[in-house]
Amino acid sequence: MSTRRHTIALLALAVGMFGFAFTLVPMYRTFCEWTGLNGRAALRAGAAPAAVPEEREVTVQFLAQVANGLPWEFRPVEAQMRVRLGAIATTRFYVRNRARIAVTGQAVPSIAPSTAATHLTKLECFCFSQQRLNAGAAREMPVRFYVDKDLPRQVRTLTLSYTLFQVPDAVRGEAGS
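Taking my numbering, I'd label the letters of the sequence shown as residues 191 to 367.
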């Protein structure tokens, strides 16, 4: 093959790889919504629960962790709570920026067991958007959710876990809350 053909083939390969990388995030989101992986199927902001809550209750446990490199303290205000199926519940997570500059973070949720992921719906969640904290700032962030009435009977405990990751800031030192 000639040098020109090699160059065209390599250029086409590079463009194809770039295109694949560009579509990888939307494809992953779609896959997670379709399968319920990482609780993505349960991120239905504004969805309403059934009209009358059931008497059956389940325990919902809350976990929080911070990814390497994010200088934040992050924890649930309450470790667990009892929730009636179909009833809206609210919990809070505490976060504090220990850095000397403003830092932005994004939470990624996970629900266990995975078979219960499609049955927990978040109505309000800090995971829906990026969170920016000024140096030393702290806040409590609410999560409003409900567990569907059609949760399988053998599931008695659900675990809602969040991992906070740092989001690279476009402008360092930008004012935030």
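By construction, the Cβ of each residue, glycine as well, lies at the ideal position given by its N, Cα and C atoms.
Assign residue i to buried or exposed, taking buried as 16 or more other Cβ atoms, counted over all protein chains shown, within 10 Å of its Cβ.
i	result
Q321	buried
V205	exposed
A328	exposed
Residue j and residue i - do their beta-carbons sit closer together than 8 Å?
i	j	result
Q255	T353	yes
V250	L350	yes
E263	R288	yes
K339	E244	yes
Which residue from the options puts its Cα closest to that of residue i?
i	options	result
V298	V273, C317, F283	C317
L323	R286, V345, R274, L203	R286
A269	V293, V345, R334, F252	F252
A292	R195, C315, G276, Q356	Q356
L341	L310, E314, R334	L310
G326	P332, T294, E314, G276	T294
With a CB to CB cut of under 7 Å and the five nearest residues on each side skipped, what residues in its chain are close to residue i?
i	result
V273	E247, V248, V250, A279, V337
M271	V250, A279, T281
If you reduce the DSSP assignment to three classes, tell me which class residue i lands in.
i	result
I291	coil
S351	strand
A365	Since pLDDT at A365 reaches only 44, below the 50 mark, its modelled position is unreliable, and no value is offered.
L310	strand
Going along the chain, which residues of its own chain have a beta-carbon closer than 6 Å to the beta-carbon of residue i, five neighbours each way excluded?
i	result
P261	R288, A289
Q296	Q320, F355, V357
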